[in-house]
Amino acid sequence: MDEIREAAAHSNGTVETISNGDNNQLAEKKGILDPRLQLYGYTTETIHMLLLPMIKNKKEALGSMGNDAPLACLSAFQPLPYEYFKQLFAQVTNPPIDPFREKIIMSLQCPVGPEANLLVASPSQVHRIWLDNPILSIPDAAVLKRNQHRGWKTKVLDITFPANEGPPGYIGGLRRVCAEAYAAAQNGYQLLVLSDRNASAERAPVSSLLALGAVHHHLIETRQRMKVGLIVETAEAREVHHVCVLLGYGADAICPYLVFEMAGALRDECVLDPALSDDAIYRAYATAVETGILKVMAKMGISTLQSYKGAQIFEAVGMGADVIDLCFRGTQSRIGGVTLEVLAREGLERHELVHGTNHADAKILRNPGQFHWRAGGEGHINEPGAIAALQEAAVNESKGAYATFRDTTM
Numbered sequence: 001m002d003e004i005r006e007a008a009a010h011s012n013g014t015v016e017t018i019s020n021g022d023n024n025q026l027a028e029k030k031g032i033l034d035p036r037l038q039l040y041g042y043t044t045e046t047i048h049m050l051l052l053p054m055i056k057n058k059k060e061a062l063g064s065m066g067n068d069a070p071l072a073c074l075s076a077f078q079p080l081p082y083e084y085f086k087q088l089f090a091q092v093t094n095p096p097i098d099p100f101r102e103k104i105i106m107s108l109q110c111p112v113g114p115e116a117n118l119l120v121a122s123p124s125q126v127h128r129i130w131l132d133n134p135i136l137s138i139p140d141a142a143v144l145k146r147n148q149h150r151g152w153k154t155k156v157l158d159i160t161f162p163a164n165e166g167p168p169g170y171i172g173g174l175r176r177v178c179a180e181a182y183a184a185a186q187n188g189y190q191l192l193v194l195s196d197r198n199a200s201a202e203r204a205p206v207s208s209l210l211a212l213g214a215v216h217h218h219l220i221e222t223r224q225r226m227k228v229g230l231i232v233e234t235a236e237a238r239e240v241h242h243v244c245v246l247l248g249y250g251a252d253a254i255c256p257y258l259v260f261e262m263a264g265a266l267r268d269e270c271v272l273d274p275a276l277s278d279d280a281i282y283r284a285y286a287t288a289v290e291t292g293i294l295k296v297m298a299k300m301g302i303s304t305l306q307s308y309k310g311a312q313i314f315e316a317v318g319m320g321a322d323v324i325d326l327c328f329r330g331t332q333s334r335i336g337g338v339t340l341e342v343l344a345r346e347g348l349e350r351h352e353l354v355h356g357t358n359h360a361d362a363k364i365l366r367n368p369g370q371f372h373w374r375a376g377g378e379g380h381i382n383e384p385g386a387i388a389a390l391q392e393a394a395v396n397e398s399k400g401a402y403a404t405f406r407d408t409t410m
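Taking the UniProt record's numbering, the leading residue of the sequence shown gets 1, the next gets one more, and so forth.
In C-alpha cells, the structure reads:
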C-alpha cells in the first residue's frame, strides 16, 4: 500500500489533493447537523454511545450482555439491513480463541485484488495489495480509486439510483450494479469500488450491504469473483457489527467515510480534542474496529481475516426469501420476513425525510431509545411500567400487578 501511495503522490499531485477531491461539496456540513446522518440511519445514541467512545478510547464502549429491544423485523424504527443478521458462534463453554491472550496467532492483514490459480506457481500469485487492516482512511480509499500500480485499473460503481423511480428503481439499481460489476471484471478491471458518494436530492442510496451481497454472489455465479477485489466506500457502515457483516459477505476493504467526516467536524467544534489530526481520528477508530473484529472472529475459532472474509457465518432473522436469493445466497432465514420492496421503501422514507418538503427536520437527529428506554421510542421488555408493576407485585402481593408485569415482559 505504501508503494501505491507514493506512486499516486508523484503522478497527479499530492495524496491530500486526491483525497479532498470527493469532499469539496461537503465542506459546509458540520457535525451532527449533517443531514446525511439521517439519510444513513444515524441516531444520537449511535454517535454518543458508540462512535465517540471508539475515537476517544480506541475501543468499543462496554454494555450489558442482554438486549431487550425488539428484533429488527419487529422494530418500528426502520433498522438497517445489517440488524437482521446474527453472528454464529462455536457453542462451547469457553471461547475457541482468546483474542487478547492469544492475539499473536490472529491476523487482520488483507490481501486485496485478483487471486491467481493456487496450483500454478507464478509471480501473479503475489501481485496483490496488502493492507494492515480492512478499514481504509479517506485518503487511502481515494488513492485506490485512482490506482494504476502494476497496470491495475479501478472501476467505481455508483450504488445510488434516481429517487423518483421508487422501490422499482431501488431493486433495478441492485441489478444494474451487478451487470456493471460483471462487465468491469470482463474488461480487465482489478478493483471494484462500490460507492454511495453520489447520493443527493435526486439520487437515493441503495444499502451498501445489499449492493455488496448482490455483486459478490453475481460474480461468483458468473465465475468472475476471483478476478477482482471488492472495496466498499459507504456512509452507512459505522459499527463493528456492520463491518463484520460486510466482510462476511465478500468485502475486501471498507471506507466508512461519514464516520471520519463527522468526527473531523466534531473536532473542529471542540466536541473532540482539537489537537486530533485526521490521521489520529482514523487510527483510533480503526484500532477500535480491529479489536471488535478480532473478538467476533474468536467466537467462531477463526484466527485470520482471510478465513473470515466471504464465509457468511451469519443467520438472517426476519428477512424474506427474495432478499436472500438476490443478495445473501446460502444464508439461513428460517422464518422469512421483510422483502426487497420493504427495505426499498424504508430507504426512500429516510431519503424523503432528508430531501423532502420537511427537510429541515433532517437536522434534528432522532433518538429512538435503541439502547436506553425513551418515552415514545423503541419498545423494551424492561421498561419503567413493567418494573413498577413488578415492584408493586412484590411489595403488595398484588396479582393484578403481577399479571401486568407478566403480560408486558413474557
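Note that the Cβ used here is the ideal one computed from N, Cα and C, for glycine as well.
Values in this document were obtained by computation on a predicted structure and should not be read as measured data.
Proximity to M106 [Cα-Cα], best of Q148, G172, E83 and A298
Ranking the options by Cα distance to M106, first place goes to A298.
Would you kindly report the start and end of the unbroken beta strand (DSSP E) that includes Q87?
F85 to Q87
D68, DSSP secondary structure in three states:
coil
Which runs of the beta strand (DSSP E) spanning at least 3 residues fall entirely within the segment 166-236, listed in chain order?
191-195, 203-205 and 229-233
From H217 to F328, what does the alpha carbon distance come to, in whole angstroms?
Taking the straight line from one Cα to the other gives about 7 Å.
Just the C-alpha distance for V92 and G66, rounded to the nearest angstrom, thanks.
19 Å
Using C-beta distances below 7 Å, list every residue in its chain close to E392, excluding the 5 sequence neighbours before and after it, in chain order.
S398 and A401
Which class does M106 belong to by DSSP, given the choice of helix, strand or coil?
In this structure, M106 counts as coil in the three-state DSSP scheme.
The beta strand (DSSP E) spanning residue 417 covers which residue range?
Residue 417 is absent from the model: the chain starts at 1 and stops at 410.
Within 10 angstroms of its Cβ, does E346 collect 16 or more other Cβ (buried), or is it exposed?
buried
So, are the CB atoms of A141 and E236 less than 8 Å apart?
no
Could you name the residues that DSSP lists as bridge partners for L131?
C110
According to DSSP, residues forming a beta bridge with F161:
A204
Residue span of the beta strand (DSSP E) that contains F314, given as start and end:
F314 to A316
If you follow the beta strand (DSSP E) that I335 is part of, which residue opens it and which one closes it?
It is not in any beta strand (DSSP E) - I335 carries neither H nor E in the DSSP assignment.
Please return the same chain residues whose Cβ sits closer than 6 Å to the Cβ of T291, not counting the five positions on each side in sequence.
Counting only Cβ-Cβ distances below 6 Å, and skipping sequence neighbours, we find K59.
Does K155 come out as helix, strand or coil in the three-state DSSP assignment?
Residue state, collapsed to three classes: strand.
Residues that DSSP places opposite V255 in a beta bridge:
The residue asked about is misnamed: residue 255 is Cys in this sequence, not Val. Answer is E233.
Do Y84 and V296 have their beta-carbon atoms positioned less than 8 Å apart in this structure?
no
If you count every other CB in all the chains shown that lies within 10 Å of the CB of K86, and 16 or more means buried, which is it?
An exposed status is given to K86, since fewer than 16 other beta-carbon atoms sit within 10 Å of its beta-carbon.
Pop quiz: T43 and N367 are said to be a contact at Cβ under 8 Å. What is the actual Cβ separation, rounded to whole angstroms?
6 Å
Rounded to whole angstroms, what is the Cα-Cα separation between I281 and H48?
Rounded to the nearest whole angstrom, the C-alpha separation of I281 and H48 is 15 Å.
Compute the distance between the beta-carbons of P205 and T154, then report whether it is under 8 Å.
no
Measuring only the C-alpha atoms, how far is K56 from A403?
Note on geometry: alpha-carbon atoms of K56 and A403 lie some 45 Å from one another.
In three-state terms, what does DSSP make of T304?
strand
Let me check one thing: in DSSP terms, what residues is M319 bridge-paired to?
In the DSSP output, where bridge partners are listed per residue, M319 has V338.
Assess contact between the segment 246-259 and the segment 104-120, defined as three or more Cβ pairs (one per stretch) separated by less than 8 Å. Is contact present?
yes
Spatial neighbours of Y82 within its chain, please: CB distance less than 7 Å, with the 5 preceding and 5 following residues excluded, ordered by chain position.
L209, H241, H242 and V245
For K145, tell me which candidate among D132, L191, A90 and A183 has the shortest Cα-Cα distance.
The candidate whose alpha carbon is nearest that of K145 is L191.
Among residues of its own chain, excluding the 5 on either side of E28, which ones have a beta-carbon nearer than 7 Å to its beta-carbon?
Low confidence applies here, because E28 scores a pLDDT of 41, under 50, leaving its location unreliable; read the following figure in that light. Answer for E28: no residue qualifies.
T46, buried or exposed, once every other Cβ within 10 Å from all chains shown has been counted against 16
buried
Taking all protein chains shown into account, decide if L33 is buried (16 or more other Cβ within 10 angstroms of its Cβ) or exposed.
exposed
Proximity winner among V338, D196, L247 and L174, relative to L71 (alpha-carbon distances)
V338
Which whole-angstrom value describes the C-beta separation of A263 and L219, a residue pair presumed to lie in contact below a C-beta threshold of 8 Å?
So it is not a contact: roughly 33 Å between Cβ atoms.
Which residues in the same chain as E315 place their Cβ atom closer than 8 Å to its Cβ, once the five residues preceding and following it in sequence are excluded?
F85, K86, L88, T331, Q332, S333 and R334
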